[in-house]
Each structure stands twice: as structure tokens, then as C-alpha cells.
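Written below as C-alpha cells is the structure these notes are about.
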Amino acid sequence: MFFYLAKAVWFVFQPSTFIALLIGYGAILIWTGWARWGRRFVTIGAILLLVVGLSPLGNALILPLEDRFPRADLARPPAPAGLIILGGAENRLVGGARNAPTLNEAGERLVEGAILALRFQDAKVAFSGGDAGILYKSGSEALGAAELLAQLGIARDRLILEANARDTYENAIYLRKELEASGAFGDGARWLLITSAYHMPRSIGAFRQAGFDVEPWPVDYRTRGPQDLSKPFDKVSEGLRRVDTAMREWVGLLAYRLTGRTDALFPSPDRTGDSQG
Numbered sequence: 005m006f007f008y009l010a011k012a013v014w015f016v017f018q019p020s021t022f023i024a025l026l027i028g029y030g031a032i033l034i035w036t037g038w039a040r041w042g043r044r045f046v047t048i049g050a051i052l053l054l055v056v057g058l059s060p061l062g063n064a065l066i067l068p069l070e071d072r073f074p075r076a077d078l079a080r081p082p083a084p085a086g087l088i089i090l091g092g093a094e095n096r097l098v099g100g101a102r103n104a105p106t107l108n109e110a111g112e113r114l115v116e117g118a119i120l121a122l123r124f125q126d127a128k129v130a131f132s133g134g135d136a137g138i139l140y141k142s143g144s145e146a147l148g149a150a151e152l153l154a155q156l157g158i159a160r161d162r163l164i165l166e167a168n169a170r171d172t173y174e175n176a177i178y179l180r181k182e183l184e185a186s187g188a189f190g191d192g193a194r195w196l197l198i199t200s201a202y203h204m205p206r207s208i209g210a211f212r213q214a215g216f217d218v219e220p221w222p223v224d225y226r227t228r229g230p231q232d233l234s235k236p237f238d239k240v241s242e243g244l245r246r247v248d249t250a251m252r253e254w255v256g257l258l259a260y261r262l263t264g265r266t267d268a269l270f271p272s273p274d275r276t277g278d279s280q281g
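When we follow my numbering, the leftmost residue of the sequence shown carries the number 5, and every step to the right adds one.
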């Protein structure tokens with residue numbers, strides 16, 4: 005129920021859709037007896053479109069998420085016992101139709117996961133990702149990930165696949181069960197969590213809540229750092245997309261905290277520093 009409700013609510017209230025609906029509703033009202041309100045809605049929507057689409061707002065929103073967790077120190081022993089790659093890097097709908105690997109802009113999750121797997125030859129490689137589609141079903145991401153990782157040189161007997169999770173919380177819960185069933189989950193084992201940098205706070209919080217201590221390996225950075233706080237976008241669509249991405253995580257962190265799916269409102273590397281909200 006949570007999965008479907010979250011999808012429906014977010015579709016309406018994500019910034020880009022909300023602005024489009026505001027302008028569209030205003031345009032309709034202009035042709036009615038509520039024309040004054042219609043002009044107001046269109047004006048507000050147009051201003052929001054320019055501010056959200058062209059200003060550095062998206063960078064300001066996503067930067068704290070990306071900088072929250074630095075990469076784990078891989079020079080520190082022991083070597084990782086396993087690598088966890090979260091889904092979200094594939095376009096299974098297109099890839100299935102074209103019968104070809106099709107990565108999206110989060111493709112670094114799989115690419116860097118393969119790089120680390122080749123570096124740490126004894127580490128297990130766990131992938132978690134099902135089919136999160138609602139209108140269009142495309143099959144589990146785990147199937148495509150397994151094929152791609154194998155083609156990149158990762159032995160199939162190293163792979164542990166979890167093919168049912170549709171969101172971050174389910175990633176944590178289902179993957180722990182999968183690892184326990186395979187005998188790969190054990191106290192003291194060092195596991196790296198590989199996901200987009202902006203998605204790392206919510207992911208770490210969900211895994212901690214599931215009783216699974218992991219170390220962060222953020223990838224798929226969208227900003228260079230603080231210097232991007234003054235960098236405007238040259239395409240309205242790019243600015244809107246950046247704000248959508250960042251707001252989805254901030255709203256997700258709040259929703260996860262309110263529903264007990266994360267251990268803190270804004271998880272931190274030092275658990276004693278977590279804001280409990």
C-alpha cells in the first residue's frame with residue numbers, strides 16, 4: 005500500500021508536475037468567471053518555472069544529500085566481504101524491447117560495482133531491484149543486472165540476486181533475508197553499499213533500520229561541490245529535473261521517518277549525530 009500511495013502522491017506534488025498543473029489550471033480558469041484567479045495561477049506558475057528551472061536551486065537542494073556520506077576507506081582492513089548494488093540504473097522497458105543493456109544516468113551504480121568486484125575478487129556481489137513500474141511492467145532489474153555484470157567479467161557464482169524490491173526500504177528488508185538464506189550474512193562482515201550519492205542518506209537509514217550495518221560507497225554525483233551553488237542551469241528541463249530528484253529524496257526521508265522505515269530523519273556517518281526529528 006505504501007508503495008502505490010507514495011507513487012500517486014509524488015506524481016502530483018513533484019515540483020515539475022505541480023508547476024505544470026498550476027499553469028494548466030490557471031489557463032482553464034482564464035476562460036471562466038474566475039479569470040482573475042486564472043491569471044494569478046499562470047503568473048505564479050511561470051515565475052516558479054523560471055526560478056526552479058534556471059536558478060541553482062536544484063544544486064542547493066541536492067548538495068547536502070550528496071555530501072552527507074563520504075566514501076568508505078577501502079585501505080582499511082579487512083577487505084569488504086560483499087558489495088551491495090541498489091537498482092535504479094537500468095531502463096528495463098527499453099532494454100527489454102531492444103534486447104540490449106540500457107543504462108540511465110545512474111548507470112555508475114552498476115559500473116562502479118563491477119569495478120569494485122574486480123578489485124576485491126573474494127567479495128560477494130549482491131544486487132537488489134525488482135520491477136517498480138506501475139503502468140508499464142518491464143521485469144525485474146536483477147535479471148538485467150546479472151547479465152550485464154556477467155558480461156563485465158563477474159563470475160555468476162559470486163552474484164546474489166534479490167528480484168522483488170520496489171523501493172529502498174524493501175531493498176534493505178528483502179536483501180537481508182536473501183543474504184541470510186544464502187549464508188552470506190554474518191556479524192562483523194564488511195559490506196559496501198553502492199548507490200547514487202543523493203540517495204545514500206535514505207538508503208543508509210533504511211539498512212540500519214533493517215539491522216544491516218553497511219558502509220557507503222556513493223556514486224552518480226550530480227554536482228561538483230559548493231562551487232555549483234552559484235551555477236545556474238542553461239536548460240529549464242535540467243533545472244526542473246534536478247529539483248525533482250532532490251525533493252524526492254527530502255520528501256522520502258521525511259516519509260520514511262514518519263513511517264518507521266529509517267532510523268533517523270537525516271542519517272549521518274556518525275550515528276550518534278543523527279537528527280531523530
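Heads up, the beta-carbon is just placed ideally off N, CA and C, and yes, glycines get one too.
Based on DSSP bridge pairs, tell me the residues matched to residue i.
{"i": "Ala130", "result": "Ile88, Ile164"}
{"i": "Glu94", "result": "Leu107"}
In this structure, does DSSP put residue i in helix, strand or coil?
{"i": "Glu109", "result": "coil"}
{"i": "Arg72", "result": "coil"}
{"i": "Gln125", "result": "coil"}
{"i": "Thr36", "result": "coil"}
{"i": "Ala83", "result": "coil"}
{"i": "Thr227", "result": "coil"}
{"i": "Ser59", "result": "coil"}
{"i": "Gly283", "result": "Only positions 5 to 281 of the chain appear in this structure, which leaves residue 283 out of reach."}
{"i": "Arg265", "result": "coil"}
{"i": "Lys239", "result": "coil"}
{"i": "Asp77", "result": "coil"}
{"i": "Asp291", "result": "Summary: the structure shown does not reach residue 291, with the chain confined to residues 5 through 281, and so no result is reported for it."}
Taking residue i and residue j to be in contact with their CB atoms under 8 Å, please state how far apart those CB atoms are, rounded to whole angstroms.
{"i": "Ala167", "j": "Ser144", "result": "4 Å"}
{"i": "Arg75", "j": "Pro271", "result": "Incorrect: roughly 16 Å between the Cβ atoms, too far for contact."}
{"i": "Val240", "j": "Leu65", "result": "Not quite, the Cβ-Cβ distance comes to about 16 Å (not below 8 Å), so this is no contact."}
{"i": "Ser200", "j": "Asp232", "result": "Rounded, the Cβ-Cβ distance is 16 Å, inconsistent with contact."}
{"i": "Tyr202", "j": "Leu78", "result": "Between Leu78 and Tyr202 the Cβ distance is about 22 Å, and since that is not below 8 Å, they are no contact."}
{"i": "Phe45", "j": "Leu26", "result": "5 Å"}
{"i": "Phe216", "j": "Arg194", "result": "Their Cβ separation, rounded to whole angstroms, is 12 Å, which puts Phe216 and Arg194 out of contact at 8 Å."}
{"i": "Ala188", "j": "Ile164", "result": "6 Å"}
{"i": "Ser59", "j": "Leu244", "result": "Ser59 to Leu244, Cβ: 11 Å. No contact."}
{"i": "Ala110", "j": "Gly92", "result": "5 Å"}
{"i": "Leu183", "j": "Val218", "result": "Actually they are not in contact, since the Cβ atoms of Leu183 and Val218 sit about 11 Å apart, beyond 8 Å."}
Is it buried or exposed for residue i, if we count other Cβ within 10 angstroms and need 16 for buried?
{"i": "Leu87", "result": "buried"}
{"i": "Ile177", "result": "buried"}
{"i": "Tyr2", "result": "Here the chain covers residues 5 to 281 and nothing more, so residue 2 does not appear."}
{"i": "Lys235", "result": "exposed"}
{"i": "Ser279", "result": "Bear in mind that a pLDDT of 49 at Ser279, under 50, signals an unreliable position, so the model cannot answer this."}
{"i": "Phe211", "result": "buried"}
{"i": "Gly281", "result": "Confidence at Gly281 is low in this model, with a pLDDT of 47, below 50, so the placement of that residue is unreliable and no value is reported for it."}
{"i": "Arg123", "result": "exposed"}
{"i": "Trp35", "result": "exposed"}
{"i": "Asn103", "result": "exposed"}
{"i": "Ser207", "result": "buried"}
For this session: Mind listing, in chain order, the continuous beta strand (DSSP E) runs of no fewer than 3 residues lying wholly within the segment 143-225?
Result: 163-166, 195-200, 219-223
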